[in-house]
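Undergrad: Can you read through this structure? Questions will come right after.
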Amino acid sequence: MDWGTELWDQFEVLERHTQWGLDLLDRYVKFVKERTEVEQAYAKQLRSLVKKYLPKRPAKDDPESKFSQQQSFVQILQEVNDFAGQRELVAENLSVRVCLELTKYSQEMKQERKMHFQEGRRAQQQLENGFKQLENSKRKFERDCREAEKAAQTAERLDQDINATKADVEKAKQQAHLRSHMAEESKNEYAAQLQRFNRDQANFYFSQMPQIFDKLQDMDERRAVHLGAGYGLLSEAELEVVPIIAKCLEGMKVAAHAVDPKNDSQVLIELHKSGFARPGDVEFEDFSQPMNRAPSDSSLGTPSEGRPELRGPGRSRAKRWPFGKKNKTVVTEDFSHLPPEQQRKRLQQQLEERNRELQKEVDQREALKKMKDVYEKTPQMGDPASLEPQITETLSNIERLKLEVQKYEAWLAEAESRVLSNRGDSLSRHARPPDPPTSAPPDNSSSNSGSQDAKESSEEPPSEESQDTPIYTEFDEDFEEEATSPIGHCVAIYHFEGEDGQSGLGPAKAPSPWLRVKTSVLWKKTKGMAGPGSDGKREARDLCTLFLTPWLQLKPV
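Have a look at this one:
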(Lines of atoms letter the chains of each structure in order from A and count residues from 1; the text may use other names and numbers.)
(Lines give C-alpha, C1' and ligand atoms only; values in the text may rest on other atoms or scores of the structure.)
Protein backbone atom coordinates (compact mmCIF):
# COMPACT_ATOMS: atom_id res chain seq x y z
CA MET A 1 0.00 0.00 0.00
CA ASP A 2 1.42 3.31 -1.14
CA TRP A 3 0.70 6.71 0.27
CA GLY A 4 0.64 8.18 -3.25
CA THR A 5 -2.23 5.93 -4.22
CA GLU A 6 -4.21 5.63 -1.01
CA LEU A 7 -3.52 9.04 0.49
CA TRP A 8 -3.39 11.15 -2.70
CA ASP A 9 -5.58 13.83 -1.12
CA GLN A 10 -4.06 13.79 2.43
CA PHE A 11 -1.20 16.16 1.98
CA GLU A 12 -1.72 17.91 5.35
CA VAL A 13 -2.15 14.57 7.13
CA LEU A 14 1.15 13.30 5.77
CA GLU A 15 2.79 16.55 6.75
CA ARG A 16 1.61 16.20 10.35
CA HIS A 17 2.50 12.50 10.51
CA THR A 18 6.06 12.94 9.26
CA GLN A 19 6.56 15.82 11.68
CA TRP A 20 5.28 13.65 14.53
CA GLY A 21 7.75 10.90 13.54
CA LEU A 22 10.70 13.29 13.66
CA ASP A 23 9.49 14.68 16.99
CA LEU A 24 9.33 11.14 18.36
CA LEU A 25 12.88 10.51 17.19
CA ASP A 26 14.04 13.67 18.94
CA ARG A 27 12.16 12.72 22.10
CA TYR A 28 13.83 9.33 22.18
CA VAL A 29 17.25 10.92 21.69
CA LYS A 30 16.52 13.27 24.58
CA PHE A 31 15.39 10.32 26.70
CA VAL A 32 18.61 8.44 25.99
CA LYS A 33 20.66 11.52 26.84
CA GLU A 34 18.95 11.83 30.20
CA ARG A 35 19.34 8.09 30.72
CA THR A 36 23.05 8.50 30.00
CA GLU A 37 23.27 11.28 32.57
CA VAL A 38 21.54 9.05 35.10
CA GLU A 39 23.98 6.20 34.40
CA GLN A 40 26.96 8.52 34.69
CA ALA A 41 25.69 10.00 37.94
CA TYR A 42 24.98 6.50 39.26
CA ALA A 43 28.47 5.31 38.36
CA LYS A 44 30.01 8.43 39.89
CA GLN A 45 28.11 7.94 43.13
CA LEU A 46 29.10 4.28 43.24
CA ARG A 47 32.75 5.16 42.78
CA SER A 48 32.52 7.83 45.48
CA LEU A 49 30.89 5.29 47.77
CA VAL A 50 33.63 2.75 47.11
CA LYS A 51 36.34 5.36 47.66
CA LYS A 52 34.70 6.34 50.95
CA TYR A 53 34.78 2.81 52.34
CA LEU A 54 38.07 1.55 50.91
CA PRO A 55 40.88 1.32 53.49
CA LYS A 56 42.98 4.46 53.57
CA ARG A 57 46.22 2.65 54.43
CA PRO A 58 48.05 0.23 52.13
CA ALA A 59 47.34 -3.43 52.73
CA LYS A 60 50.88 -4.13 53.94
CA ASP A 61 50.54 -1.44 56.64
CA ASP A 62 47.02 -2.33 57.70
CA PRO A 63 46.75 -5.30 60.07
CA GLU A 64 42.99 -5.44 59.51
CA SER A 65 43.61 -6.41 55.89
CA LYS A 66 44.78 -9.84 57.06
CA PHE A 67 41.28 -10.81 58.21
CA SER A 68 39.11 -12.65 55.70
CA GLN A 69 36.16 -10.45 56.66
CA GLN A 70 38.06 -7.31 55.69
CA GLN A 71 39.43 -8.96 52.55
CA SER A 72 35.92 -9.98 51.50
CA PHE A 73 34.62 -6.48 52.13
CA VAL A 74 37.43 -4.96 50.05
CA GLN A 75 36.71 -7.49 47.30
CA ILE A 76 33.03 -6.52 47.35
CA LEU A 77 34.02 -2.86 47.09
CA GLN A 78 36.22 -3.68 44.11
CA GLU A 79 33.38 -5.57 42.46
CA VAL A 80 31.08 -2.60 43.04
CA ASN A 81 33.73 -0.38 41.50
CA ASP A 82 33.87 -2.69 38.47
CA PHE A 83 30.08 -2.60 38.34
CA ALA A 84 30.27 1.20 38.27
CA GLY A 85 32.70 0.92 35.37
CA GLN A 86 30.17 -1.16 33.47
CA ARG A 87 27.50 1.48 34.09
CA GLU A 88 29.89 4.05 32.67
CA LEU A 89 30.40 1.79 29.65
CA VAL A 90 26.63 1.59 29.16
CA ALA A 91 26.39 5.38 29.32
CA GLU A 92 29.23 5.75 26.82
CA ASN A 93 27.70 3.27 24.37
CA LEU A 94 24.29 4.93 24.58
CA SER A 95 25.81 8.35 24.08
CA VAL A 96 27.90 7.40 21.05
CA ARG A 97 25.77 4.77 19.33
CA VAL A 98 22.31 6.15 20.06
CA CYS A 99 22.41 9.84 20.83
CA LEU A 100 25.02 10.92 18.31
CA GLU A 101 23.85 8.62 15.52
CA LEU A 102 20.16 9.34 15.88
CA THR A 103 20.74 13.07 16.29
CA LYS A 104 22.71 13.13 13.06
CA TYR A 105 20.10 11.00 11.28
CA SER A 106 17.29 13.21 12.59
CA GLN A 107 18.93 16.25 11.04
CA GLU A 108 19.19 14.43 7.71
CA MET A 109 15.53 13.38 7.90
CA LYS A 110 14.43 16.92 8.60
CA GLN A 111 16.30 18.19 5.55
CA GLU A 112 14.87 15.45 3.34
CA ARG A 113 11.34 16.04 4.59
CA LYS A 114 11.68 19.74 4.00
CA MET A 115 12.83 19.12 0.42
CA HIS A 116 9.93 16.76 -0.33
CA PHE A 117 7.29 19.10 1.01
CA GLN A 118 8.82 22.03 -0.80
CA GLU A 119 8.59 20.03 -4.01
CA GLY A 120 4.96 19.13 -3.26
CA ARG A 121 4.04 22.69 -2.46
CA ARG A 122 5.73 23.88 -5.61
CA ALA A 123 3.72 21.40 -7.71
CA GLN A 124 0.59 22.40 -5.86
CA GLN A 125 1.34 26.04 -6.49
CA GLN A 126 1.84 25.38 -10.18
CA LEU A 127 -1.51 23.60 -10.33
CA GLU A 128 -3.18 26.45 -8.56
CA ASN A 129 -1.61 28.93 -10.98
CA GLY A 130 -2.91 26.85 -13.92
CA PHE A 131 -6.34 26.82 -12.39
CA LYS A 132 -6.25 30.57 -11.97
CA GLN A 133 -5.28 31.00 -15.61
CA LEU A 134 -8.12 28.68 -16.56
CA GLU A 135 -10.54 30.74 -14.53
CA ASN A 136 -9.28 33.94 -16.12
CA SER A 137 -9.64 32.58 -19.64
CA LYS A 138 -13.08 31.28 -18.75
CA ARG A 139 -14.24 34.64 -17.43
CA LYS A 140 -12.78 36.36 -20.48
CA PHE A 141 -14.58 33.95 -22.80
CA GLU A 142 -17.79 34.52 -20.90
CA ARG A 143 -17.38 38.28 -21.03
CA ASP A 144 -16.53 38.27 -24.73
CA CYS A 145 -19.57 36.10 -25.46
CA ARG A 146 -21.86 38.52 -23.67
CA GLU A 147 -20.27 41.45 -25.47
CA ALA A 148 -20.65 39.71 -28.88
CA GLU A 149 -24.27 38.88 -28.14
CA LYS A 150 -24.96 42.42 -27.09
CA ALA A 151 -23.25 43.80 -30.21
CA ALA A 152 -25.30 41.46 -32.41
CA GLN A 153 -28.54 42.56 -30.76
CA THR A 154 -27.57 46.22 -31.22
CA ALA A 155 -26.81 45.72 -34.92
CA GLU A 156 -30.11 43.86 -35.43
CA ARG A 157 -32.11 46.60 -33.74
CA LEU A 158 -30.49 49.33 -35.81
CA ASP A 159 -31.05 47.31 -38.93
CA GLN A 160 -34.79 47.20 -38.22
CA ASP A 161 -35.00 50.82 -37.17
CA ILE A 162 -36.23 52.94 -40.14
CA ASN A 163 -34.85 56.05 -38.60
CA ALA A 164 -31.28 54.67 -38.39
CA THR A 165 -28.89 55.72 -41.01
CA LYS A 166 -27.09 53.29 -43.18
CA ALA A 167 -23.78 54.32 -41.63
CA ASP A 168 -25.01 53.54 -38.15
CA VAL A 169 -26.22 50.15 -39.29
CA GLU A 170 -22.93 49.32 -40.93
CA LYS A 171 -21.00 50.42 -37.90
CA ALA A 172 -23.15 48.28 -35.61
CA LYS A 173 -22.71 45.26 -37.85
CA GLN A 174 -18.93 45.72 -37.87
CA GLN A 175 -18.92 46.02 -34.09
CA ALA A 176 -21.00 42.86 -33.77
CA HIS A 177 -18.69 41.00 -36.10
CA LEU A 178 -15.66 42.17 -34.09
CA ARG A 179 -17.19 41.08 -30.80
CA SER A 180 -18.09 37.77 -32.27
CA HIS A 181 -14.54 37.27 -33.43
CA MET A 182 -13.15 38.19 -29.98
CA ALA A 183 -15.54 35.76 -28.38
CA GLU A 184 -14.35 33.03 -30.70
CA GLU A 185 -10.74 33.74 -29.78
CA SER A 186 -11.56 33.71 -26.07
CA LYS A 187 -13.31 30.43 -26.59
CA ASN A 188 -10.27 28.94 -28.25
CA GLU A 189 -8.01 30.30 -25.52
CA TYR A 190 -10.28 28.97 -22.81
CA ALA A 191 -10.37 25.58 -24.49
CA ALA A 192 -6.59 25.51 -24.73
CA GLN A 193 -6.17 26.62 -21.12
CA LEU A 194 -8.67 24.05 -19.98
CA GLN A 195 -6.83 21.33 -21.83
CA ARG A 196 -3.55 22.46 -20.35
CA PHE A 197 -4.97 22.58 -16.83
CA ASN A 198 -6.49 19.14 -17.11
CA ARG A 199 -3.16 17.79 -18.26
CA ASP A 200 -1.35 19.50 -15.38
CA GLN A 201 -3.95 18.38 -12.90
CA ALA A 202 -3.71 14.79 -14.06
CA ASN A 203 0.04 14.98 -13.83
CA PHE A 204 -0.22 16.49 -10.36
CA TYR A 205 -2.57 13.90 -8.93
CA PHE A 206 -1.34 10.85 -10.77
CA SER A 207 2.37 11.50 -11.06
CA GLN A 208 3.91 14.36 -9.11
CA MET A 209 2.17 14.08 -5.75
CA PRO A 210 2.17 10.26 -5.63
CA GLN A 211 5.92 10.34 -6.21
CA ILE A 212 6.36 12.91 -3.47
CA PHE A 213 4.12 10.95 -1.12
CA ASP A 214 6.01 7.76 -1.89
CA LYS A 215 9.27 9.52 -1.09
CA LEU A 216 7.78 10.74 2.18
CA GLN A 217 6.62 7.21 2.92
CA ASP A 218 10.08 5.83 2.23
CA MET A 219 11.64 8.52 4.41
CA ASP A 220 9.24 7.84 7.26
CA GLU A 221 9.79 4.10 7.05
CA ARG A 222 13.55 4.58 7.10
CA ARG A 223 13.16 6.83 10.12
CA ALA A 224 11.08 4.17 11.83
CA VAL A 225 13.75 1.56 11.05
CA HIS A 226 16.47 3.70 12.60
CA LEU A 227 14.29 4.47 15.59
CA GLY A 228 13.65 0.77 16.12
CA ALA A 229 17.38 0.12 15.85
CA GLY A 230 17.87 2.81 18.50
CA TYR A 231 15.40 1.01 20.71
CA GLY A 232 17.40 -2.16 20.20
CA LEU A 233 20.70 -0.42 21.03
CA LEU A 234 19.26 0.51 24.39
CA SER A 235 18.87 -3.15 25.29
CA GLU A 236 22.04 -4.23 23.50
CA ALA A 237 24.08 -1.79 25.56
CA GLU A 238 22.72 -3.49 28.67
CA LEU A 239 23.19 -7.01 27.33
CA GLU A 240 26.81 -6.34 26.44
CA VAL A 241 27.70 -5.67 30.08
CA VAL A 242 25.50 -8.38 31.55
CA PRO A 243 28.29 -11.05 31.47
CA ILE A 244 30.74 -8.77 33.26
CA ILE A 245 28.10 -7.62 35.73
CA ALA A 246 27.29 -11.28 36.34
CA LYS A 247 30.99 -11.86 37.07
CA CYS A 248 30.92 -8.93 39.48
CA LEU A 249 27.93 -10.41 41.27
CA GLU A 250 29.60 -13.82 41.27
CA GLY A 251 32.70 -12.19 42.74
CA MET A 252 30.57 -10.71 45.52
CA LYS A 253 29.14 -14.16 46.17
CA VAL A 254 32.63 -15.67 46.28
CA ALA A 255 33.71 -12.91 48.67
CA ALA A 256 30.75 -13.71 50.91
CA HIS A 257 31.73 -17.39 51.03
CA ALA A 258 35.38 -16.49 51.63
CA VAL A 259 34.69 -15.28 55.16
CA ASP A 260 36.51 -17.74 57.44
CA PRO A 261 35.87 -17.12 61.15
CA LYS A 262 38.36 -19.77 62.27
CA ASN A 263 41.10 -18.33 60.13
CA ASP A 264 40.31 -14.82 61.38
CA SER A 265 40.65 -16.06 64.93
CA GLN A 266 44.03 -17.54 64.06
CA VAL A 267 45.08 -14.31 62.36
CA LEU A 268 44.15 -12.36 65.48
CA ILE A 269 46.32 -14.72 67.51
CA GLU A 270 49.23 -14.25 65.13
CA LEU A 271 48.86 -10.47 65.14
CA HIS A 272 48.49 -9.92 68.86
CA LYS A 273 49.98 -12.93 70.64
CA SER A 274 52.39 -11.38 73.14
CA GLY A 275 54.36 -14.45 74.15
CA PHE A 276 54.39 -13.39 77.80
CA ALA A 277 54.00 -15.97 80.53
CA ARG A 278 50.83 -15.76 82.57
CA PRO A 279 51.23 -14.10 85.98
CA GLY A 280 51.44 -16.42 88.92
CA ASP A 281 49.21 -16.63 91.96
CA VAL A 282 49.03 -13.67 94.31
CA GLU A 283 50.56 -14.49 97.67
CA PHE A 284 48.64 -14.18 100.89
CA GLU A 285 50.09 -11.34 102.96
CA ASP A 286 49.62 -11.95 106.65
CA PHE A 287 49.70 -8.53 108.29
CA SER A 288 48.54 -9.91 111.62
CA GLN A 289 51.78 -11.72 112.53
CA PRO A 290 53.97 -8.67 113.24
CA MET A 291 51.21 -7.23 115.44
CA ASN A 292 50.94 -10.40 117.55
CA ARG A 293 54.57 -10.90 118.35
CA ALA A 294 56.08 -10.00 121.77
CA PRO A 295 57.73 -6.61 122.25
CA SER A 296 61.10 -8.29 122.77
CA ASP A 297 60.91 -9.73 119.26
CA SER A 298 61.21 -6.29 117.76
CA SER A 299 64.79 -5.84 118.81
CA LEU A 300 65.86 -6.06 115.22
CA GLY A 301 64.11 -2.77 114.50
CA THR A 302 60.61 -2.03 113.26
CA PRO A 303 58.77 1.10 112.21
CA SER A 304 57.21 3.16 114.96
CA GLU A 305 53.72 1.88 114.27
CA GLY A 306 54.64 -1.55 115.55
CA ARG A 307 54.51 -3.40 112.22
CA PRO A 308 56.81 -3.40 109.22
CA GLU A 309 55.94 -1.22 106.29
CA LEU A 310 55.21 -3.58 103.43
CA ARG A 311 55.27 -1.04 100.67
CA GLY A 312 55.84 -3.39 97.79
CA PRO A 313 53.23 -6.13 97.55
CA GLY A 314 50.34 -4.21 99.06
CA ARG A 315 50.49 -1.01 97.08
CA SER A 316 48.99 -1.67 93.68
CA ARG A 317 47.60 -5.12 93.56
CA ALA A 318 45.15 -4.26 90.81
CA LYS A 319 48.00 -3.30 88.51
CA ARG A 320 48.82 -6.97 88.06
CA TRP A 321 45.75 -7.10 85.83
CA PRO A 322 47.21 -7.16 82.28
CA PHE A 323 44.38 -5.35 80.49
CA GLY A 324 44.95 -1.86 81.80
CA LYS A 325 45.82 1.15 79.72
CA LYS A 326 49.31 0.86 78.28
CA ASN A 327 51.71 3.75 78.37
CA LYS A 328 52.94 5.10 75.09
CA THR A 329 56.06 3.20 74.08
CA VAL A 330 59.03 4.36 72.09
CA VAL A 331 59.57 2.41 68.88
CA THR A 332 63.00 0.79 68.77
CA GLU A 333 64.90 -0.74 65.90
CA ASP A 334 64.97 -4.21 67.43
CA PHE A 335 61.22 -4.01 68.20
CA SER A 336 61.90 -4.58 71.89
CA HIS A 337 58.97 -2.30 72.60
CA LEU A 338 56.71 -5.09 71.34
CA PRO A 339 55.70 -8.26 73.18
CA PRO A 340 58.11 -11.17 72.63
CA GLU A 341 55.98 -13.05 70.11
CA GLN A 342 55.26 -9.93 68.05
CA GLN A 343 58.91 -8.91 68.30
CA ARG A 344 59.94 -12.29 66.93
CA LYS A 345 57.50 -12.02 64.00
CA ARG A 346 58.54 -8.48 63.12
CA LEU A 347 62.19 -9.42 63.28
CA GLN A 348 61.48 -12.44 61.07
CA GLN A 349 59.77 -10.18 58.53
CA GLN A 350 62.64 -7.71 58.57
CA LEU A 351 65.15 -10.52 58.18
CA GLU A 352 63.29 -11.98 55.19
CA GLU A 353 63.06 -8.53 53.61
CA ARG A 354 66.79 -7.94 54.09
CA ASN A 355 67.56 -11.34 52.60
CA ARG A 356 65.47 -10.54 49.54
CA GLU A 357 67.22 -7.21 49.13
CA LEU A 358 70.58 -8.92 49.58
CA GLN A 359 69.76 -11.52 46.94
CA LYS A 360 68.67 -8.76 44.59
CA GLU A 361 71.93 -6.90 45.08
CA VAL A 362 73.91 -10.11 44.58
CA ASP A 363 72.07 -10.79 41.32
CA GLN A 364 72.73 -7.24 40.21
CA ARG A 365 76.41 -7.63 41.02
CA GLU A 366 76.61 -10.81 38.95
CA ALA A 367 74.84 -9.11 36.06
CA LEU A 368 77.23 -6.16 36.20
CA LYS A 369 80.20 -8.51 36.23
CA LYS A 370 78.92 -10.33 33.17
CA MET A 371 78.28 -7.03 31.41
CA LYS A 372 81.79 -5.87 32.30
CA ASP A 373 83.25 -9.07 30.84
CA VAL A 374 81.28 -8.50 27.66
CA TYR A 375 82.55 -4.90 27.44
CA GLU A 376 86.12 -6.07 27.96
CA LYS A 377 85.83 -8.66 25.21
CA THR A 378 83.99 -6.36 22.80
CA PRO A 379 84.95 -2.73 23.59
CA GLN A 380 82.67 -1.37 20.88
CA MET A 381 79.65 -2.33 23.01
CA GLY A 382 80.66 -0.10 25.92
CA ASP A 383 83.32 1.11 28.31
CA PRO A 384 84.04 -1.33 31.18
CA ALA A 385 85.14 1.54 33.41
CA SER A 386 81.66 3.05 33.25
CA LEU A 387 80.35 0.10 35.27
CA GLU A 388 82.80 0.52 38.15
CA PRO A 389 80.67 3.05 40.11
CA GLN A 390 77.65 0.76 39.90
CA ILE A 391 79.70 -2.27 40.95
CA THR A 392 81.18 -0.32 43.87
CA GLU A 393 77.75 0.84 44.98
CA THR A 394 76.39 -2.69 44.71
CA LEU A 395 79.24 -4.10 46.80
CA SER A 396 78.65 -1.41 49.41
CA ASN A 397 74.96 -2.30 49.53
CA ILE A 398 75.80 -5.99 49.87
CA GLU A 399 78.10 -5.34 52.83
CA ARG A 400 75.54 -3.11 54.47
CA LEU A 401 72.78 -5.68 54.00
CA LYS A 402 74.99 -8.49 55.32
CA LEU A 403 75.59 -6.51 58.50
CA GLU A 404 71.88 -5.85 58.83
CA VAL A 405 71.12 -9.54 58.28
CA GLN A 406 73.58 -10.50 61.01
CA LYS A 407 72.12 -7.89 63.32
CA TYR A 408 68.55 -9.09 62.75
CA GLU A 409 69.61 -12.74 63.07
CA ALA A 410 71.11 -11.99 66.48
CA TRP A 411 68.02 -10.11 67.58
CA LEU A 412 65.82 -12.90 66.26
CA ALA A 413 67.75 -15.59 68.11
CA GLU A 414 67.46 -13.60 71.33
CA ALA A 415 63.73 -13.05 70.78
CA GLU A 416 63.13 -16.74 70.04
CA SER A 417 64.97 -17.77 73.19
CA ARG A 418 62.88 -15.30 75.17
CA VAL A 419 59.66 -16.72 73.69
CA LEU A 420 60.72 -20.28 74.48
CA SER A 421 61.69 -19.26 78.01
CA ASN A 422 58.35 -17.59 78.66
CA ARG A 423 56.54 -20.58 77.20
CA GLY A 424 58.45 -22.97 79.46
CA ASP A 425 57.83 -20.84 82.54
CA SER A 426 54.13 -20.70 81.77
CA LEU A 427 53.89 -24.47 81.30
CA SER A 428 55.85 -25.21 84.47
CA ARG A 429 53.71 -22.83 86.51
CA HIS A 430 50.56 -24.38 85.09
CA ALA A 431 51.71 -27.87 86.04
CA ARG A 432 52.97 -26.91 89.55
CA PRO A 433 50.55 -27.54 92.46
CA PRO A 434 49.42 -24.52 94.45
CA ASP A 435 51.57 -23.31 97.37
CA PRO A 436 50.55 -24.34 100.87
CA PRO A 437 48.36 -21.90 102.78
CA THR A 438 49.72 -19.82 105.64
CA SER A 439 47.79 -21.85 108.18
CA ALA A 440 49.62 -25.10 107.34
CA PRO A 441 51.02 -26.88 110.43
CA PRO A 442 54.78 -26.75 110.91
CA ASP A 443 56.88 -29.64 109.74
CA ASN A 444 58.37 -31.24 112.88
CA SER A 445 60.52 -33.65 110.93
CA SER A 446 63.23 -31.06 110.65
CA SER A 447 63.06 -29.76 114.24
CA ASN A 448 66.06 -31.79 115.31
CA SER A 449 68.33 -29.80 113.13
CA GLY A 450 67.48 -26.54 114.89
CA SER A 451 70.79 -26.42 116.77
CA GLN A 452 72.78 -25.98 113.62
CA ASP A 453 73.66 -22.40 112.65
CA ALA A 454 73.17 -22.36 108.92
CA LYS A 455 73.67 -19.07 107.12
CA GLU A 456 72.48 -19.15 103.57
CA SER A 457 72.19 -16.44 101.05
CA SER A 458 71.56 -17.13 97.42
CA GLU A 459 70.90 -14.75 94.54
CA GLU A 460 68.83 -15.50 91.49
CA PRO A 461 69.69 -13.79 88.19
CA PRO A 462 66.87 -11.89 86.51
CA SER A 463 64.85 -14.07 84.18
CA GLU A 464 63.70 -13.18 80.68
CA GLU A 465 60.18 -12.91 82.00
CA SER A 466 61.10 -10.29 84.56
CA GLN A 467 62.88 -8.31 81.89
CA ASP A 468 60.22 -8.22 79.24
CA THR A 469 56.82 -8.84 80.79
CA PRO A 470 54.84 -5.60 80.68
CA ILE A 471 52.35 -7.02 83.18
CA TYR A 472 54.97 -6.36 85.87
CA THR A 473 56.97 -3.55 84.40
CA GLU A 474 54.20 -1.25 83.37
CA PHE A 475 53.21 -0.36 86.94
CA ASP A 476 56.70 0.20 88.36
CA GLU A 477 55.93 3.90 88.26
CA ASP A 478 53.39 3.44 91.07
CA PHE A 479 56.12 2.63 93.58
CA GLU A 480 58.30 5.16 95.27
CA GLU A 481 61.93 5.23 94.26
CA GLU A 482 64.23 3.60 96.79
CA ALA A 483 67.92 2.86 96.90
CA THR A 484 68.95 0.61 94.05
CA SER A 485 71.19 -1.66 96.14
CA PRO A 486 70.00 -4.02 98.91
CA ILE A 487 71.18 -3.25 102.42
CA GLY A 488 70.84 -6.74 103.82
CA HIS A 489 70.14 -10.43 103.31
CA CYS A 490 67.53 -12.74 104.75
CA VAL A 491 69.33 -15.27 107.00
CA ALA A 492 67.81 -18.54 108.18
CA ILE A 493 68.87 -19.28 111.76
CA TYR A 494 68.00 -22.96 111.44
CA HIS A 495 69.03 -25.49 108.88
CA PHE A 496 66.44 -26.34 106.21
CA GLU A 497 66.23 -28.75 103.33
CA GLY A 498 65.60 -27.14 99.89
CA GLU A 499 63.66 -29.09 97.27
CA ASP A 500 63.44 -29.07 93.48
CA GLY A 501 66.49 -26.87 93.10
CA GLN A 502 64.65 -23.88 94.51
CA SER A 503 66.78 -20.85 95.25
CA GLY A 504 66.40 -18.17 97.83
CA LEU A 505 66.78 -14.49 97.18
CA GLY A 506 67.59 -12.71 93.98
CA PRO A 507 67.67 -9.18 92.63
CA ALA A 508 64.61 -7.91 90.80
CA LYS A 509 64.83 -6.54 87.31
CA ALA A 510 66.77 -3.33 86.98
CA PRO A 511 66.18 -0.52 87.74
CA SER A 512 63.48 -1.57 90.25
CA PRO A 513 64.81 -1.55 93.82
CA TRP A 514 62.75 -4.55 94.82
CA LEU A 515 64.09 -8.05 95.27
CA ARG A 516 62.23 -11.19 94.31
CA VAL A 517 61.67 -14.10 96.65
CA LYS A 518 60.27 -17.43 95.57
CA THR A 519 57.23 -18.10 97.65
CA SER A 520 57.67 -21.83 97.80
CA VAL A 521 61.26 -21.50 99.05
CA LEU A 522 60.24 -18.96 101.66
CA TRP A 523 57.67 -21.33 103.09
CA LYS A 524 60.10 -24.26 103.07
CA LYS A 525 62.60 -22.14 104.97
CA THR A 526 59.87 -21.21 107.38
CA LYS A 527 58.94 -24.83 107.98
CA GLY A 528 62.59 -25.65 108.62
CA MET A 529 62.89 -23.01 111.33
CA ALA A 530 60.42 -24.58 113.74
CA GLY A 531 63.05 -25.21 116.45
CA PRO A 532 62.37 -26.58 119.95
CA GLY A 533 60.64 -24.17 122.22
CA SER A 534 60.14 -21.48 119.64
CA ASP A 535 57.66 -20.45 116.98
CA GLY A 536 60.14 -20.89 114.17
CA LYS A 537 57.79 -20.08 111.34
CA ARG A 538 56.74 -16.76 112.82
CA GLU A 539 60.29 -15.85 113.72
CA ALA A 540 61.52 -16.61 110.22
CA ARG A 541 58.77 -14.55 108.65
CA ASP A 542 59.39 -11.62 110.97
CA LEU A 543 63.10 -11.84 110.40
CA CYS A 544 62.70 -11.72 106.63
CA THR A 545 60.19 -8.92 106.90
CA LEU A 546 62.36 -6.73 109.11
CA PHE A 547 65.49 -7.21 107.12
CA LEU A 548 64.08 -6.90 103.67
CA THR A 549 61.22 -4.41 104.00
CA PRO A 550 60.88 -2.36 101.87
CA TRP A 551 63.59 -3.69 99.58
CA LEU A 552 61.98 -7.04 98.94
CA GLN A 553 58.83 -7.87 97.07
CA LEU A 554 57.21 -11.22 97.61
CA LYS A 555 56.31 -12.52 94.17
CA PRO A 556 55.55 -15.97 92.84
CA VAL A 557 57.71 -17.00 89.90
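Every letter in the sequence shown is one number past the one before it in UniProt numbering, and letter 395, counting from 1, is 395. For glycine and all other residues, C-beta sits at the position ideal for the given N, C-alpha and C.
1. Does the region 228–235 come within contact of the region 134–141, defined as at least 3 CB pairs closer than 8 Å?
2. For the pair the region 101–109 and the region 248–264, tell me if three or more CB-CB distances fall below 8 Å.
3. Since GLN217 and TRP3 are thought to touch, with beta carbons under 8 Å apart, how far apart are those beta carbons, to the nearest angstrom?
4. Provide the residue span of the alpha helix (DSSP H) that contains TRP8, from first to last.
5. Are the beta-carbon atoms belonging to PHE73 and TYR53 less than 9 Å from one another?
6. Judging by CA-CA distance, which residue of PHE206, ARG113 and GLY230 is the nearest neighbour of MET219?
7. With a threshold of 16 other CB atoms inside 10 Å of the CB of ARG287, please say whether the residue is buried or exposed.
8. Please go through the same chain and pick out, in chain order, the residues whose beta-carbon is closer than 7 Å to the beta-carbon of PHE131, but skip the five residues on each side of it.
9. In or out: THR5 buried (at least 16 other Cβ within 10 Å) or exposed?
10. Out of curiosity, what's the CA-to-CA distance linking LEU46 and GLU333?
11. Are three or more beta carbon pairs between the region 169–179 and the region 142–161 nearer than 8 Å?
12. Out of VAL90, ALA183, ASP9 and GLU189, which one is the CA nearest neighbour of ALA41?
13. What does the alpha-carbon distance come out to for the pair ASP23 and LEU239?
14. To which residues of the same chain is ALA415 closer than 7 Å at the C-beta, ignoring the five residues directly before and after it?
15. Within the same chain, show all residues whose beta-carbon is closer than 6 Å to that of GLN364, passing over the 5 residues directly before and after it, in chain order.
16. Looking at the secondary structure, which residues open and close the alpha helix (DSSP H) in which SER84 lies?
17. Count the other CB atoms within 10 Å of the CB of THR165; is the residue buried (16 or more) or exposed (fewer)?
18. For LYS51 and GLU283, what's the separation of their Cα atoms in angstroms?
19. Could you name the residues of the same chain whose beta carbon sits closer than 6 Å to that of ILE391, not counting the 5 residues immediately before and after it, in chain order?
20. Just reading off the alpha helix (DSSP H) that LEU227 is part of, what are its end residues?
21. Where do the N-terminal and C-terminal ends of the alpha helix (DSSP H) with ASP159 fall, by residue?
22. To the nearest angstrom, how far is the alpha carbon of GLU64 from that of GLU37?
23. Using the Cα positions of PRO279 and SER68, report the straight-line distance between them to the nearest angstrom.
24. Return yes when the Cβ of PHE204 is within less than 9 Å of the Cβ of LEU127, no when it is not.
25. Could you compute how far the alpha carbon of LEU158 sits from the alpha carbon of LEU194?
26. Is it buried or exposed for ALA413, if we count other Cβ within 10 angstroms and need 16 for buried?
27. Sort TRP8, GLN10, TRP20 and MET1 by Cα distance to LEU227 and report the nearest one.
28. Taking just the CA atoms, how far does GLN86 sit from ILE245?
29. What separation, rounded to the nearest whole angstrom, lies between the Cα atoms of HIS116 and ALA191?
30. What number of angstroms, rounded off, separates the C-alpha of ASN129 from the C-alpha of LEU25?
TA: Short version:
1. By the C-beta criterion, the region 228–235 is judged not to be in contact with the region 134–141, since fewer than 3 inter-stretch pairs fall below 8 Å.
2. The region 101–109 makes no contact with the region 248–264: fewer than 3 CB pairs, one atom from each, lie closer than 8 Å.
3. The C-beta separation of GLN217 from TRP3 comes to about 4 Å, placing the pair in contact by the 8 Å criterion.
4. Counting along the chain, TRP8 falls outside any alpha helix (DSSP H), and DSSP gives it neither H nor E.
5. yes
6. ARG113
7. First, the residue type needs correcting, since residue 287 is Phe and not Arg in the sequence shown. Counting Cβ neighbours within 10 Å, PHE287 comes out exposed, since fewer than 16 surround it.
8. PHE197
9. Exposed: under 16 other Cβ atoms inside 10 Å.
10. 43 Å
11. Remark: three or more beta-carbon pairs, one from each stretch, lie closer than 8 Å, so the region 169–179 and the region 142–161 are flagged as touching.
12. VAL90
13. 28 Å
14. PRO340, GLN343, ARG344 and LEU347
15. THR394
16. Note that residue 84 corresponds to Ala in the displayed sequence, not to Ser. Per DSSP, ALA84 is one residue of the alpha helix (DSSP H) stretching across 68–93.
17. With a 10 Å radius around the Cβ and a threshold of 16 neighbouring Cβ atoms, THR165 comes out exposed.
18. 56 Å
19. LEU368
20. 209–257
21. 101–160
22. 37 Å
23. 33 Å
24. With contacts defined by Cβ atoms closer than 9 Å, LEU127 and PHE204 form a contacting pair.
25. 37 Å
26. exposed
27. TRP20
28. Distance between the alpha carbons of ILE245 and GLN86 is about 7 Å.
29. When only Cα atoms are considered, HIS116 and ALA191 end up about 33 Å apart.
30. 37 Å
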